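Participant:
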Amino acid sequence: MRLAFVTSNPGKLEEAREYLAPLGIEVYQLNVDYPEIQADSLEEVAEYGVGWLAERIGDPFFLDDSGLFIPALNGFPGVYSAYVYRTLGINGILKLMRGIGDRKAYFKSVIAYWDGEIHFFEGRVDGVIVEKPRGSGGFGFDPIFSPTGFDLTFAEMTTMEKNRVSHRGRALRGFATWLKENLK
Ligand code: IMP
79 MRLAFVTSNP
89 GKLEEAREYL
99 APLGIEVYQL
109 NVDYPEIQAD
119 SLEEVAEYGV
129 GWLAERIGDP
139 FFLDDSGLFI
149 PALNGFPGVY
159 SAYVYRTLGI
169 NGILKLMRGI
179 GDRKAYFKSV
189 IAYWDGEIHF
199 FEGRVDGVIV
209 EKPRGSGGFG
219 FDPIFSPTGF
229 DLTFAEMTTM
239 EKNRVSHRGR
249 ALRGFATWLK
259 ENLK
């Protein structure tokens with residue numbers, strides 16, 4: 079089967095393709111800009127986006143809304159991750175973390191699938207913000223995030239390695255399981 083992924087992010091697209099291709103699901107990109115509202119949770123942002131897109135796209139589609147949450151910064155950048163990445167960047171986050179001992183962080187991803195109704199699949203990965211950026215793979219905050227149990231940052235992993243532990247990989251796992259059961 080073929081599934082539309084509404085995203086402008088080539089990194090997200092590659093991860094979804096790599097995860098879903100072995101399950102016989104071909105993901106194609108719909109590069110449509112949809113409004114990302116300011117809200118308290120990723121779910122609300124995703125839900126608004128899906129509602130907006132559902133009025134414009136006939137076929138089923140999914141999107142992914144993600145964020146990096148740093149408890150020592152009260153969850154910042156969280157739902158503001160895209161804006162913070164564009165403005166402060168990874169070096170801005172490292173500056174904010176200077177002198178802070180607790181470097182714990184987590185990524186969260188919400189996949190929202192629309193097939194006439196909305197279905198949510200979530201994933202989370204815990205880890206730490208490293209001292210200096212490392213690696214050239216992945217995208218976004220990957221060079222400064224190292225998942226628990228690994229010395230590598232996400233940017234030092236292959237897409238397959240990142241998918242095995244990442245927030246998006248976990249959300250994709252739930253999505254794939256659901257698709258197998260519901261699209262017979
Ligand atoms: P959004 O889901 O497109 O709104 O992404 C929020 C921000 O978080 C973007 O700036 C991404 O760069 C960043 N981000 C989302 N997922 C990941 C990831 O898997 N690794 C690193 N950064 C990510």
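The sequence shown runs 79 to 262 under this note's numbering.
We put the beta carbon where it would ideally sit given N, CA and C, even for glycine.
Just so you know, these numbers come straight off a predicted model, no measurement behind them.
#1: DSSP on PHE154, reduced to helix/strand/coil?
#2: Which of the three DSSP states, helix, strand or coil, is assigned to GLY89?
#3: Would you grab the beta carbon distance between LEU120 and GLY145 for me? Rounded to a whole angstrom, and I think it's under 8 Å.
#4: Between which two residues does the alpha helix (DSSP H) containing LYS182 stretch?
#5: Which residue's Cα is closest to the Cα of LYS173: GLY156, ASN87, LYS210 and VAL206?
#6: Which of the three DSSP states is assigned to PHE232 in this structure?
#7: What I want to know is whether the C-beta of ARG246 ends up closer than 7 Å to one or more non-hydrogen atoms of the ligand IMP.
#8: Suppose the cutoff is 6 Å on Cβ atoms and the five residues either side in sequence are ignored; what does the same chain contact list for ALA124 look like?
#9: Going by DSSP, which residues form a beta bridge with TYR106?
#10: In or out: LEU261 buried (at least 16 other Cβ within 10 Å) or exposed?
#11: PRO225 bridges to which residues according to DSSP?
#12: Going by the DSSP bridge assignment, what does HIS197 pair with across the sheet?
#13: Using the Cα positions of GLU200 and GLY215, report the straight-line distance between them to the nearest angstrom.
#14: For SER119, does the three-state DSSP call read helix, strand or coil?
#15: With DSSP collapsed to three states, give me the class of ASP220.
Facilitator: Concretely, from the data shown:
#1: Residue 154 sits at position 76 when you count from the first residue of the sequence shown. The answer is coil: DSSP assigns PHE154 none of H, G, I, E or B.
#2: One-based indexing of the sequence shown puts residue 89 at position 11. Shown here, GLY89 sits in a helix according to DSSP, grouped into three states.
#3: Start at 1 with the first residue of the sequence shown, and residue 120 comes out as number 42. Start at 1 with the first residue of the sequence shown, and residue 145 comes out as number 67. So it is a contact: roughly 6 Å between Cβ atoms.
#4: The residue given as residue 182 occupies position 104 in the sequence shown. Unbroken run through LYS182 is the beta strand (DSSP E), 182-192; no alpha helix (DSSP H).
#5: The count along the sequence shown starts at 1 and reaches residue 173 at position 95. Considering only alpha carbons, the answer is LYS210.
#6: Along the sequence shown, one-based indexing puts residue 232 at 154. Correct three-state label for PHE232: helix.
#7: If you number the sequence shown from 1, residue 246 lands on position 168. Placement of the Cβ of ARG246 at a distance of less than 7 Å from at least one heavy atom of the ligand IMP is found.
#8: Within the sequence shown, the letter at position 46 stands for residue 124. Counting only residues of its own chain and dropping the five nearest sequence neighbours on each side, ALA124 has a CB closer than 6 Å to the CB of ASP143, VAL188 and ALA190.
#9: Looking up residue 106 in the sequence shown gives position 28. Answer is ALA82.
#10: On the sequence shown, position 183 is the one that residue 261 refers to. By the beta-carbon neighbour count (other beta carbons within 10 angstroms, threshold 16), LEU261 is exposed.
#11: For the purposes of this step, residue 225 is taken as the residue at position 147 of the sequence shown. In the DSSP output, where bridge partners are listed per residue, PRO225 has GLY205.
#12: Residue numbering aside, residue 197 sits at position 119 when the sequence shown is read from its first letter. Answer by DSSP bridge pairing, in chain order: TYR191.
#13: As a position in the sequence shown, residue 200 is number 122, starting the count at 1. As a position in the sequence shown, residue 215 is number 137, starting the count at 1. The C-alpha of GLU200 lies about 23 Å from the C-alpha of GLY215.
#14: Looking up residue 119 in the sequence shown gives position 41. Here SER119 sits in coil by DSSP.
#15: The count along the sequence shown starts at 1 and reaches residue 220 at position 142. It is helical.
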